[in-house]
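Asks: Residue numbers (our numbering), protein chains in the order written: chain A, -18 to 344; chain B, 441 to 716; chain C, 126 to 428.
The beta carbon of each residue, even a glycine, is placed where N, CA and C say it ideally should be.
There's a structure below that I have some questions on.
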Amino acid sequence: MTDDAFISIRNVGKSYGSFRAIEEISLDIAHGEFFSLLGASGCGKTTLLRMLAGFESVSSGEIYIDGQPMSDVPPFQRPVNMVFQNYAIFPHLNVAQNIGYGLRKLKLPRADQDRMIDEMLELVQLTGYGKRRAHELSGGQRQRIALARALILKPKVLLLDEPLGALDKQLREQMQMELRRLQRAIGITFVFVTHDQEEALTLSDRIAVMSGGEVLQVDSPSGLYEAPKTRDVASFIGNMNFLDAQVTGRVNGHAYLDVQGIGKMDIPVKGTTLTEGDKVSVAIRPEKLILHDTAPAGDAIAGEIELTTYLGERSHYHVRVPGCDVPMAISSQNSHMHDPDEAKTGRPVWLTWPNDALIVLER
Amino acid sequence: MREGTYIKQPNRALQVYAIVFLIVLYLPVLFIPLFSFNDSIYVRFPMQGLTFHWYADLWTRDTVWAALKNSLTVGLWVSVISTCLGVVAARAITRYQMPGQNAIVTFAMLPLIVPGVIFGVALLVLVSRLGIPLSLYTVGFGHLIICLPFAIATLLPRFEGFDRSMEEASADLGENGWWTFWRVTFPMVAPGIVASLLLTFTISFDEFIMTFFLSGTDTTLPIYIWTQLRFPREFPAVLALSTIILALSFVMVFVALWIGRLGAVRDQVKATNEGA
Amino acid sequence: MVSVPDAAPVRRNRLTAWFRRSEAAQGYALMSPTLVVLVVGIAVPLLILIAMSMWTRDGFGFDMTPTFANYERAATEPIFGTLLTRSFFVSGLATFFTVLLCYPMAYYVAFHVHRNKMLWIVLMTLPFWTSYLLRVFAWRVILGYEGVINSAFLTAGWIEAPLEFLLYSQTAVIITLAHAWAAFAILPLYVSLEKIDKSLLEAATDLGDGPFTRFMRITLPLSMPGVISACFLIFIPTTGDYITPALLGGPDGVMIGNLIQLQFGPVNNWPMGSALSIVLMAWIAALALVFLFLTRKAKDQLA
């Protein structure tokens, strides 16, 4: 394991009978990091989180937290605490009792416990709510209590299982800011499970994209967005146009490609193993494509508008390019007054792109 | 305030029917207390005037006290044991994936459906073949078989409604299995346990047919009433005793259902917990 | 913060490791006391009952050579067949009237009670929890020769002499059974009615059905599972009822349950009583299968 790895997941696998839920995952998470596990439902992200918490046993491999192997440590002795997806607020206890639940073992004087609970209420901005019962609280308030209840034990790691999934959009955005603020303030490691890529991009220092029980890529949000390593990652994070292409040649640092619908082009590529004859995908983000009403000077591809979606601050276009199977998606800022004529189906347009916007992915 | 949708508009005829139905449901039973205060050994109109004589008479009968003691002893033991058995069964069924658990539940529910006579004679045959003398123990075992389905049926929904993540949250916050049970599981299913204790006690206290087949010389109150029914002059005393038993049952069951209802309120909380 | 224990990982032997992993084994172990009681209290007695039904009485003991003599008697001697048929007839009528009378009540609570629904349900089921013996006894007080009805009518001058058909008749048994088992009908009926999506009724109305047609075409078919289980829950237990026919039946109202009791009591022919119990069980099992089939069919139609 690397020196600064605070949580180290070494070749961890999980199988239920013959079904393999997690395939040999290795991951390092640094101290104080906001780390997200991102993937569609059933990709194994929640299983991995529950293995960190100790609710699922590890079939193979080992998890180390702060240098300690965790296999034989039961959940109630692990230095981690969890915010559950449904918050799991104890219905028979009030807010203060919920937050102070884990303090029993510390055998502190009553006054100290009360003080700690008050501090936590203040931290999550619920001062004065101590005597309320669970059913008197809103979803956002329950979420804060679940946070306070986990944080009062000063865990080394806080695990969050889709904690914002149940909230409406506005509240979710507000809670995202809050989580970020809290994490900065207390400086502990957060491991956050979500299926919402926007949420993961907003919150995380690093993200592990998971699919089918495997980690596809671990990177910073911008790294994942700008330099996805596989087609799956590229299509899971944001929108992406994919064009089939074939490698026709390689000269140091450059690859010559024959791209469907565009023709021959050369692209700077670093350290890939591409060789002549390889079938690849050329990917480009919709917002990196530039739409022109008249033919620009230099390289451009011509097409015609197939569909326009007006979204206020920007518009989405589908442009049919001869030779391409699917229309190209373009997203552009509406920096000028919107002209309904521009949206007409069949209007001829030209597309250009900055040279570094193209990503070559193996197929 | 009434809900004014077309489908739910009030229906006067149905309303009258419902009220008549409730009256007919309760009226027959109400004649028992009514005539228990009647100053006549005949149960007939016109009534002869108010008296507490029949109750006073009961007070002096040693056999009644003995039967009451037997009923209470059996009822307490049966309610505690059947509730404990119900708790472990409900816990196992909801907590673990077990092949054949539906079959087990159906099997345990048999005494609810199969006529009591059959279980009565079946157990009678068993204890006689084993050479066990009829006593309050055999009565208690018979009651246990009758009460167990009620205990399981009362407890199972409570344990089913119990959210696994509550226990996980407790473990996550540092409590081991034992403490988690006492701090989370038990308080959350407690309404079900109390309801089960009250209901099974009431059922055991009122049980007749099993007791009829399985009791020896020590009898319970329902058997005492049964034997007294043969003597017309004992009718008023039986009415008085029945009144006491009915009152007790009504109170216990009302409390049990009310507590069960508190549990239902908690379920709603849990639902909002999940649905929020 | 909870600290990691310093102790080395605990080694468990293989058996405990298997046990910890096997969910089913843990579950069965947890509920083993209950299973023992169920086996000893239900399965074993029924098996012994089957065994005994093939014995014969021999003085004060039993001849344990297996024989079907008791079953032959049950099939050939008219008294047994008559009582069995009568039991089914009486229970069938009681079931019919109970379900018929309880349906509007359940309907009312499901569709027309908006506040305190729980209170209504408690009110409707509360009497059921009180002593069955006493509820039956109450009807004897009412229907008796000098009972409530007769004495009230006599006092009012509506009748000259007490109505004799009230007590000790099949009618008395049917009335009492219908009354005593009402809660068993109300609950399943209520549950199935409550489940009906109100928007279906609105859709039917929107498509031109009046209240009556709507009831016949939507509400009644959708509540059939409740009707079937209500019938099941009343019919099966009442066929073998002992108390009601014993207290109110008289000679005409005797049912199979009383006959079984007689064999174990005064007649003292336990093997014969066992055989009759098994015959009753077999009929019940067959009927249960029919009900099960009907329920499944009703549910399939809804699904």
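Is the segment 258 to 267 of chain C touching the segment 467 to 481 of chain B, taking contact as three or more C-beta pairs under 8 angstroms?
Replies: Under the 8 angstroms Cβ criterion, the segment 258 to 267 of chain C counts as touching the segment 467 to 481 of chain B, having at least three qualifying pairs.
Asks: Between the segment 294 to 302 of chain C and the segment 375 to 384 of chain C, do three or more beta carbon pairs fall short of 8 angstroms?
Replies: A contact exists between the segment 294 to 302 of chain C and the segment 375 to 384 of chain C.
Asks: When you compare each of C:MET189, C:SER276 and C:LEU417 to C:MET397 by their alpha carbons, which one comes out closest?
Replies: Position 272 of the third sequence holds residue 397 of chain C. The candidate whose alpha carbon is nearest that of C:MET397 is C:MET189.
Asks: Going by DSSP, what residues sit across from A:MET78 in a beta bridge?
Replies: Residue mapping note: residue 78 of chain A aligns to position 97 of the first sequence, counting from 1. Sequence check: residue 78 of chain A is Gln here, not Met. None, per the DSSP bridge assignment.
Asks: Using DSSP's beta-bridge definition, name the partner residues of B:SER522.
Replies: Taking the first residue of the second sequence as 1, we reach residue 522 of chain B at position 82. The partner list for B:SER522 (beta bridge, DSSP) is empty, contrary to what the question assumes.
Asks: Does B:ASN542 have its Cβ less than 8 angstroms from a Cβ in chain C?
Replies: The residue given as residue 542 of chain B occupies position 102 in the second sequence. Not closer than 8 angstroms to any Cβ of chain C, the Cβ of B:ASN542 fails to qualify, so no.
Asks: Which partner residues does A:ILE46 have in the DSSP bridge list?
Replies: Position 65 of the first sequence, counted from the start, is the residue given in the question as residue 46 of chain A. Partner(s): A:ILE(-12) and A:GLN49.
Asks: Quick check on the DSSP output: the alpha helix (DSSP H) that includes A:MET318 runs from which residue to which?
Replies: Locating residue 318 of chain A in the first sequence gives position 337, where the first residue counts as 1. Careful: A:MET318 lies outside any alpha helix (DSSP H) and carries neither H nor E.
Asks: Return helix, strand or coil for A:TRP334, following the three-state DSSP convention.
Replies: Translated into positions along the first sequence, residue 334 of chain A becomes position 353. Coil, per DSSP.
Asks: Contact defined as beta carbons within less than 8 angstroms: I believe A:PRO144 pairs with A:VAL61. What is the distance between those atoms, to the nearest angstrom?
Replies: Within the first sequence, numbered from 1, the residue matching residue 144 of chain A stands at position 163. Within the first sequence, numbered from 1, the residue matching residue 61 of chain A stands at position 80. No, A:PRO144 and A:VAL61 are not in contact; Cβ-Cβ is about 15 angstroms, not under 8 angstroms.
Asks: What are the partner residues of C:ASP183, as DSSP defines its beta bridges?
Replies: Residue mapping note: residue 183 of chain C aligns to position 58 of the third sequence, counting from 1. C:GLY186, per the DSSP bridge assignment.
Asks: To the nearest angstrom, how far is it from the Cα of C:ALA308 to the Cα of A:ASP93?
Replies: By 1-based counting over the third sequence, the position of residue 308 of chain C is 183. By 1-based counting over the first sequence, the position of residue 93 of chain A is 112. So the alpha carbons of these two residues sit roughly 55 angstroms apart.
Asks: Give the interface partners of B:GLY614 over in chain A, defined as CB-CB distance under 7 angstroms, in chain order.
Replies: Locating residue 614 of chain B in the second sequence gives position 174, counting from the first residue. Chain A residues near B:GLY614: PHE57, GLY83, LYS86 and LEU134.
Asks: Establish whether the CB of B:VAL624 and some CB of chain A are separated by less than 8 angstroms.
Replies: Start at 1 with the first residue of the second sequence, and residue 624 of chain B comes out as number 184. Judged by the 8 angstroms Cβ criterion, B:VAL624 is in contact with chain A.
Asks: Taking the alpha carbon of A:GLY293 as the point to measure from, which residue in A:HIS299, A:SER312, A:ILE282 and A:PRO303 has its own alpha carbon closest?
Replies: By one-based count along the first sequence, residue 293 of chain A stands at place 312. Answer by Cα proximity: A:SER312.
Asks: At what residue ranges does the segment 209 to 283 of chain A contain a whole run of the alpha helix (DSSP H), taking only runs of 4 or more?
Replies: 212 to 217
Asks: Helix, strand or coil for A:ARG348? Go by DSSP, reduced to three states.
Replies: In the structure as shown, chain A begins at -18 and stops at 344. Residue 348 of chain A is therefore absent and cannot be evaluated.
Asks: Which residues, in order along the segment 598 to 609 of chain B, keep a beta-carbon less than 8 angstroms from a beta-carbon of chain A?
Replies: ASP603, SER605, MET606, GLU608 and ALA609: these are the residues of the segment 598 to 609 of chain B whose beta carbon lies less than 8 angstroms from some beta carbon of chain A, given in chain order.
Asks: Does A:LEU72 come within less than 8 angstroms of chain B when only Cβ atoms are used?
Replies: Here residue 72 of chain A is taken as the residue at index 91 of the first sequence, counted from 1. Position check: residue 72 of chain A holds Pro in this sequence, whereas Leu was assumed. Yes - at least one Cβ of chain B is within 8 angstroms of the one on A:PRO72.
Asks: Between the segment 675 to 686 of chain B and chain C, which residues of the former have CB atoms less than 8 angstroms from a CB of the latter, in chain order?
Replies: Cβ contacts with chain C: VAL678, LEU679, SER682, ILE685 and LEU686.
Asks: Taking 8 angstroms as the threshold (C-beta atoms), are A:GLY244 and A:TYR237 in contact?
Replies: Position 256 of the first sequence, counting from 1, holds the residue named residue 237 of chain A. Position 263 of the first sequence, counting from 1, holds the residue named residue 244 of chain A. Not closer than 8 angstroms, so no.
Asks: Quick one: residues in its chain with C-beta nearer than 6 angstroms to the C-beta of A:THR108, no 5 flanking neighbours on either side, listed in chain order?
Replies: Along the first sequence, read from residue 1 onward, the residue named residue 108 of chain A stands at position 127. Taken in chain order, the residues that qualify are LEU102.
Asks: Does C:ASP434 get closer than 8 angstroms to chain B when you measure Cβ to Cβ?
Replies: Any question about residue 434 of chain C goes unanswered here, given that chain C covers just 126 to 428.
Asks: Would you say the segment 226 to 243 of chain C touches the segment 308 to 320 of chain C, given that touching needs at least three Cβ pairs under 8 angstroms?
Replies: yes
Asks: For A:PHE36, name the three-state secondary structure that DSSP assigns.
Replies: Start at 1 with the first residue of the first sequence, and residue 36 of chain A comes out as number 55. Reduced to three states, the DSSP call for A:PHE36 is coil.
Asks: Which chain B residues are close to A:ALA2, counting only those with a beta carbon under 8 angstroms from its beta carbon?
Replies: Walking along the first sequence from the start, residue 2 of chain A turns up at place 21. None at all; the shortest Cβ gap to chain B is about 16 angstroms.
Asks: So, at 6 angstroms on beta carbons, what are the nonlocal neighbours of B:THR659 in its own chain, with the 5 sequence-adjacent residues on each side left out?
Replies: Indexing the second sequence from 1 puts residue 659 of chain B at position 219. Excluding sequence neighbours, B:THR659 sits near ALA507.
Asks: From B:MET692, B:ALA496, B:LEU465 and B:PHE671, pick the residue whose C-alpha is nearest to that of C:PRO252; which is it?
Replies: Within the third sequence, numbered from 1, the residue matching residue 252 of chain C stands at position 127. C:PRO252 has its Cα closest to that of B:LEU465, out of B:MET692, B:ALA496, B:LEU465 and B:PHE671.
Asks: Please decide whether B:MET628 counts as near chain A, where near means a Cβ-Cβ distance under 8 angstroms.
Replies: Along the second sequence, one-based indexing puts residue 628 of chain B at 188. Closer than 8 angstroms: yes.
Asks: Give, in chain order, every unbroken run of the alpha helix (DSSP H) that is at least 4 residues long and sits entirely within the segment 604 to 642 of chain B.
Replies: 604 to 612 and 617 to 620
Asks: On the three-state DSSP scale, how would you describe C:TYR228?
Replies: Stepping through the third sequence from its first residue, residue 228 of chain C is reached at position 103. In this structure, DSSP gives C:TYR228 a helical state, which the three-state scheme calls helix.
Asks: Using only CA atoms, which one of B:PHE694, B:GLY601, B:LEU613 and B:VAL624 lies nearest to A:LEU140?
Replies: Sequence index remark: in the first sequence, residue 140 of chain A carries index 159 (1-based). Ranking the options by Cα distance to A:LEU140, first place goes to B:LEU613.
Asks: In the DSSP output, what is A:PRO329 paired with across the bridge?
Replies: Within the first sequence, residue 329 of chain A is the residue found at index 348, counting from 1. According to DSSP, A:PRO329 bridges with A:GLU285.
Asks: Report yes or no: is there a C-beta of chain A within less than 8 angstroms of the C-beta of B:ALA611?
Replies: Here residue 611 of chain B is taken as the residue at index 171 of the second sequence, counted from 1. Taking Cβ atoms only, chain A reaches closer than 8 angstroms to B:ALA611, which makes this a yes.
Asks: Residues of chain B with CB closer than 8 angstroms to the CB of C:GLY152, please, in chain order.
Replies: Taking the third sequence and counting its residues from 1, the one referred to as residue 152 of chain C is at position 27. Per Cβ cutoff of 8 angstroms: ALA532, ILE533, ARG535, TYR536, GLN537, MET538 and GLN541.
Asks: Between the segment 449 to 467 of chain B and chain C, which residues of the former have a C-beta closer than 8 angstroms to a C-beta of the latter?
Replies: PRO450, ASN451, LEU454, GLN455, TYR457, ALA458, PHE461, LEU462, VAL464, LEU465 and TYR466
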